Amino acid sequence: MPELPEVEAARSVLEGALDREVRSVDDNDDWVCRPHRPGEIARVLVGGRLTAAHRRGKSMWCETAGRDGEPGPRLGIHLGMGGRIVVTDSADDEGRAGGDPRPVAGYTGAVPRKPEWNRFVVTFTDGGQLRLFDKRRLGRVRLEPDIDALGPDAEEIGREEFRVRVGRGHSAVKARLLDQSVLAGVGNLLADETLWQAGISPSARADELPAATLDHLHDALDKALRSAIEKGGVHTGEIIGFRHADAHCPRCGAPMVHGTVGGRSTWWCSAEQA
DNA sequence: AACAATGTTCAGTC
DNA sequence: GGACTGAACATTGT
């Protein structure tokens, strides 16, 4: 999915849906829209509009205004494991996509049409739409999402705060990086990329890492994030193509090894990240 | 057919 | 209660 870089691209696409009057809403997928009942989200959006698009980590939300122009509830959107945002300008427009599982820089290409994979659709009075397109159906839309449960955004966290929040606890450092309440935005691929760039074992205990090592990890995350945003997604990371059996570290040639860390499939260099 | 998948959440256990 | 772990969730692709 979408990790922070893809979600930021999706948020940017979402801006194209702002300040347009909502004609109708399809919120009938009661799994994606849980805990709301079908029609509940539609009731608060129809006649009104979305007024701003925000993001923290992998979570997005829109500010809304009702038909009277007064602020309404926030509309939370999460892309889950493979969701993307599509915004169209009119009924016959193909649309721009953001949050593609395999995006490329500047991606605005054609969107696969599989109507049944549109899990949530807002139609505007100009005929255009905002769609959550998600074949795996792990994406989520809800009113008043709890953004405060998330830690600081991975793109904005400073050195000191990173050191304190990540360098705590008995669990593996990779598990800390993946914990969205510690730091918001890092997913499985970005975690592997960052740890490989920093030369740190994913299973090293977080609270045993020296301050200098944590600073180094913070720098590596910062660089990996910026690179992924610039190049168009976390899959552009240097180590991502080497996360498979029989692969060798592109830096030192030692075999890449695999295991489960923090509950997720993990690949690391057997020599540099021992 | 069995298993893994770029994510979150919930039920357990310490 | 907090910290941590593993399974479950829905669906597709290999």
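Residues 206 to 479 (the working numbering) are what the first sequence spells out, left to right. Each residue gets a CB set at the ideal place from its N, CA and C atoms; glycine is no exception. It should be emphasised that the depicted structure is a prediction, and the values quoted were computed from it without experimental measurement.
Nearest-angstrom beta carbon gap, residue j and residue i [assumed within contact, 8 Å]
i, j, result
"G390", "E360", "7 Å"
"R514", "G285", "Any question about residue 514 goes unanswered here, given that the chain covers just 206 to 479."
"T269", "G252", "With a Cβ gap of about 11 Å, T269 and G252 do not count as contacting."
"S406", "W472", "That pair is no contact at about 12 Å."
"P350", "S217", "Actually they are not in contact, since the Cβ atoms of P350 and S217 sit about 19 Å apart, beyond 8 Å."
"D232", "I246", "4 Å"
"I290", "G303", "5 Å"
Counted within 10 angstroms of its Cβ, other Cβ atoms place residue i as buried (16 or more) or exposed
i, result
"G314", "Caution applies to G314, whose pLDDT of 43 falls short of 50 and renders its modelled position unreliable; the value that the coordinates give is listed next. Its Cβ having fewer than 16 others within 10 Å, G314 is exposed."
"S386", "exposed"
"G438", "buried"
"S295", "exposed"
"P308", "Unreliable positioning characterises P308 in this predicted model, as indicated by a pLDDT of 39, which lies under 50. The coordinate reading is nonetheless provided below. Result: buried."
"V522", "It is not possible to answer for residue 522, since the shown part of the chain is limited to 206 through 479."
"L430", "buried"
"E398", "buried"
"R364", "exposed"
"P210", "buried"
Range covered by the beta strand (DSSP E) that runs through residue i
i, result
"L337", "334-338"
"P492", "With the chain running from 206 to 479 in the structure shown, residue 492 is simply not present."
"S264", "264-270"
"L383", "That residue, L383, is in no beta strand (DSSP E); its alpha helix (DSSP H) goes 378-383."
"I290", "289-292"
"E258", "For clarity, residue 258 is Ala in the given sequence; the question names Glu instead. Start and end: 254-261."
"A302", "301-303"
"R324", "323-329"
Proximity winner among the options, relative to residue i (alpha-carbon distances)
i, options, result
"F329", "L382, E366, V230, A429", "V230"
"A354", "L388, N233, L343, V369", "L388"
"V212", "G287, F325, D351", "G287"
"R242", "K379, N393, F367, R347", "R347"
"E275", "G458, L250, W266, D298", "L250"
"G446", "L394, K319, L426", "L394"
"L337", "E477, C457, V237, P210", "V237"
"N323", "D339, G332, P207, Q334", "D339"
"D224", "T256, A247, L209, D235", "T256"
"G221", "G244, D351, I405, V292", "V292"
"R301", "L219, A459, A270, H463", "L219"
"I352", "G262, V378, V462", "G262"
Range of the contiguous alpha helix (DSSP H) that encloses residue i
i, result
"P210", "209-219"
"T465", "Where T465 is concerned, there is no enclosing alpha helix (DSSP H), although the beta strand (DSSP E) it sits in stretches over 461-466."
"S229", "That residue, S229, is in no alpha helix (DSSP H); its beta strand (DSSP E) goes 227-231."
"L430", "416-436"
"R364", "364-371"
Legend entry - Cβ contact check for the stretch 349-364 and the stretch 400-415: 3 or more pairs under 8 Å: As far as the Cβ criterion goes, the stretch 349-364 does not touch the stretch 400-415, which means the pair count is below three.
Legend entry - the stretch 274-292 contacting the stretch 368-377, beta-carbon criterion three pairs below 8 Å: The stretch 274-292 vs the stretch 368-377: no contact.
Inset, instruction - Please determine if the stretch 417-434 and the stretch 448-466 are in contact, where contact requires at least 3 C-beta pairs separated by less than 8 Å. - result: Verdict: no, contact absent.
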